[in-house]
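I have placed the structure first, in the form of structure tokens, so that the comments after it can refer back to it.
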Amino acid sequence: MGYAEARDSYKKKHGKALKNSWIAHVLGDNGKTTRQSSSRKGDYKYPCPNDVRPKLEKVLKDLKMI
Numbered sequence: 003m004g005y006a007e008a009r010d011s012y013k014k015k016h017g018k019a020l021k022n023s024w025i026a027h028v029l030g031d032n033g034k035t036t037r038q039s040s041s042r043k044g045d046y047k048y049p050c051p052n053d054v055r056p057k058l059e060k061v062l063k064d065l066k067m068i
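The C-terminal position of the sequence shown is numbered 68 in the working numbering, with every residue numbered one higher than the one before it.
Next up, the structure:
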């Protein structure tokens, strides 16, 4: 599974679009990223909002990404 599948699944279930940065942030917090993007300087420009995080984590668990 990839980011596109996660975005599509989230949009179908919750009717809201996701940013790739939000997915990367949640995956990183769960230890699923291996490195930091070379184009990123410091923290995430668009960190995952607190109201989206639990729903996104559920979608990622359902897709077996975390």
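From the three backbone atoms N, C-alpha and C, an ideal C-beta is built for every residue, glycine too.
Limits of the alpha helix (DSSP H) - the one that residue i falls within
i	result
P51	Premise fails: P51 is in no alpha helix (DSSP H) and is neither H nor E.
Assigned secondary structure, residue i (DSSP; H/G/I helix, E/B strand, else coil)
i	result
S40	coil
L62	helix
I68	coil
L29	helix
Beta-carbon proximity check, residue i vs residue j, cutoff 8 angstroms
i	j	result
L65	V28	no
A8	V61	yes
K34	M3	no
Residue i CB to nearest heavy atom of the ligand GTP below 7 angstroms
i	result
A6	The model depicted lacks the ligand GTP and carries no ligand whatsoever.
Item to check | Segment contact, 8 angstroms Cβ cut-off, at least three pairs: the segment 8-26 with the segment 41-53 | outcome: yes
Checklist entry - Any contact of the segment 53-62 with the segment 8-22, i.e. 3+ C-beta pairs under 8 angstroms? => result yes
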